[in-house]
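Numbering (my numbering), first residue to last: 7 to 313. Ideal Cβ positions, reconstructed from N, Cα and C, are used throughout, including at glycine. Take a look at the structure below.
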Amino acid sequence: PLRESAGRARKILESAARLATDSGAPVPARVAAARLLGYLPFDRAGEVYEKLLGNRHPIEVQSATIEAMSTRNNPRSAPILFERWSELGPSVRQEALNLLYRRTDTTTALLRQMKDGKINKALVDLERRWQLTRKRTGAARVESYRLAVELFGETSPDRREVLKKYKPALGLTGDPSAGREAFKKVCITCHRIGGEGFEVGPDITDVHSKSRETLLSDILDPNRAVDPRWINYALVTVDGRVTNGLILRETSEVVVLGRGDGEEEVLTRAEIRELRSSGLSLMPEGVENDLSLEDMADLLAFLKQQE
């Protein structure tokens, strides 16, 4: 009976490759078929993945293909993604980045692509830059760290020096309109103001009542005083994937992480190999690598005008 069931399952999986690439089939059926490809050996599915990530296929099918590739988390996914990178739209690119971040070797390969100018380093958000530029051990992680520092600059551990460097921004007259753009650049993934952003971190609707000095300190030295509710946790799965975020909920069976992009990730206890607190705020240090003194003055002006 098991052999008979396995035979039927094999036929379904093999037909999934044909259906997923059939441009005349309904998109929902192609999406379902693409997701099933994740259960095929990579040797069989790899060629189909490359076809489905071409820009002539619907974005829903491309997204389902990334989801299928995530099922196996095979390092051979990286060359396929790099080959098709120019054909991927913004949303699918973000899904591809999330897949590449799941392994140290594929993260390193991504950073090499950025160093060579083949992929724009601006796609890496502030939180991820902060994670990548923290010192690592092990040959693969050391290379990843070295490339990240070369691309994004090293985050200074001396927050007092950074605050001293940016104190002149308090004396500048900022432009709130330009400050809105600065907010979108470095804050929007975790905070929400005026209907824009994600409510992952603390509520900052009262920022207008804070002094500019306090705001500057909060932005540049987020670990000075951390509320336990907003401490970042690092989670390692049994298959080696690393993810970070806030613990939103947990039970005896599952842990729900809130990530900086506003998404939630549910993992069963059986999937988790290690769960540890970094002791640090979810808000990353290193904002100064993305903001000039003028940018900081603009951001402060935008925050102070909020009602």
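(request) Name the two residues that bound the continuous alpha helix (DSSP H) containing residue 55. (result) 48-58
(request) Any chance you could list the alpha helix (DSSP H) runs of at least 4 consecutive residues sitting entirely within the segment 139-195, in chain order? (result) 145-158, 165-172, 182-192
(message) I need the boundaries of the beta strand (DSSP E) containing residue 252, first residue and last residue.
(response) 248-256
(message) Can you list, in chain order, the residues of its chain with a C-beta nearer than 6 Å to that of residue 70? Leave out the 5 residues immediately preceding and following it.
(response) Counting only Cβ-Cβ distances below 6 Å, and skipping sequence neighbours, we find 37, 40, 41.
(message) On the criterion of 16 or more Cβ atoms from any shown chain inside 10 Å, does residue 290 qualify as buried, or is it exposed?
(response) buried
(message) Measuring CB atoms only, is the segment 249-264 touching the segment 180-191, in the sense that at least three cross pairs come out at less than 8 Å?
(response) no
(request) Could you tell me whether the Cβ atoms of residue 294 and residue 168 are closer together than 7 Å? (result) yes
(request) Use the C-beta contact count for residue 210: other C-beta atoms within 10 angstroms, 16 or more gives buried, fewer gives exposed. (result) When all chains shown are included, residue 210 counts as buried.
(request) Keeping to the same chain, check which residues put their C-beta closer than 8 Å to that of residue 154; ignore five residues upstream and five downstream. (result) 117, 135, 138, 139
(message) Using only the alpha-carbon positions, how far apart do residue 28 and residue 35 sit?
(response) One Cα belongs to residue 28, the other to residue 35, and the distance between them is close to 10 Å.
(request) Measure from the C-beta of residue 53 to each C-beta in chain B and report whether the shortest distance is under 7 Å. (result) In the structure shown, chain B cannot be found, because there is only a single protein chain.
(request) Report the residue from 304, 253, 166 whose alpha carbon sits nearest the alpha carbon of residue 281. (result) When only C-alpha atoms are compared, the closest one is 253.
(request) Rounded to whole angstroms, what's the CA-CA distance from residue 63 to residue 76? Just pull it up for me. (result) 19 Å
(request) Go ahead and label residue 150 buried or exposed: buried means 16 or more other beta carbons lie within 10 angstroms of its beta carbon, across all protein chains shown. (result) buried
(request) Just grab the DSSP bridge partners of residue 93 for me. (result) Per DSSP, none; premise fails for residue 93.
(request) Could you check the C-alpha separation between residue 256 and residue 50 for me, to the nearest Å? (result) C-alpha separation (whole angstroms): 38 Å.
(message) Do residue 152 and residue 110 count as a contact pair if the criterion is CB distance below 7 Å?
(response) no
(request) Per DSSP, which residues does residue 31 bridge with? Please list them. (result) None; residue 31 has no bridge partner.
(message) Suppose you measure from the CA of residue 239 to the CA of residue 285; what does that come to, to the nearest Å?
(response) Distance between the alpha carbons of residue 239 and residue 285: 8 Å.
(message) Quick check on this structure: which residue in 107, 159, 88 has the alpha carbon closest to the alpha carbon of residue 122?
(response) Measuring from the Cα of residue 122, the nearest candidate turns out to be 88.
(message) Going by DSSP in three states, residue 278 sits in which element: helix, strand or coil?
(response) strand
(request) Note down, in chain order, each residue of its chain lying with its Cβ closer than 7 Å to the Cβ of residue 82, except the 5 sequence neighbours on either side. (result) The beta carbon of residue 82 is closer than 7 Å to those of 48, 52 in its chain, skipping five residues each way along the sequence.
(request) Please classify residue 24: does DSSP put it in a helix, a strand, or coil? (result) helix
(request) Please go through the same chain and pick out, in chain order, the residues whose beta-carbon is closer than 8 Å to the beta-carbon of residue 125, but skip the five residues on each side of it. (result) Answer for residue 125: 88, 91, 116, 119, listed in chain order.
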